[in-house]
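In UniProt numbering, the protein residues as written are 1 to 89.
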């Protein structure tokens, strides 16, 4: 029974990831049509961070963890900078 539940959870995680990629690519295609290239680069940045982390560590597990931590910390830093900019303006 536990094995079936584990496979069910893995299937749901995989479907969720596929949906995120699919909707992300759909949104990126709209950005290609008319918006700035900076918005499009925001989609490619996590993949670039993952590749750099893989070459730095040599292990996919460590690379995914390092990429997730770096992406979260850079997002937090961007929020702090944007908040400070609007606070002092």
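Even for Gly, the Cβ is constructed at its ideal location relative to N, Cα and C.
These figures come from a predicted structure and were not determined experimentally.
### Query
What does a CB cutoff of less than 6 Å around residue 70 pick up in its chain, not counting 5 residues either side in sequence?
In the chain shown, residue 70 corresponds to position 70, counting from 1. Only 49 meet the Cβ criterion.
### Query
How is residue 86 classed by DSSP in three states: helix, strand or coil?
Locating residue 86 in the chain shown gives position 86, counting from the first residue. Helix at residue 86.
### Task
Taking all protein chains shown into account, decide if residue 53 is buried (16 or more other Cβ within 10 angstroms of its Cβ) or exposed.
As a first step, residue 53 is located in the chain shown; it is residue number 53 there, counting from the start. It counts as buried.
### Message
With a threshold of 7 Å on Cβ separation, who are the neighbours of residue 4 within its own chain once the five nearest residues in sequence on each side are excluded?
### Response
Taking the first residue of the chain shown as position 1, residue 4 is located at position 4. Hits under 7 Å: none found.
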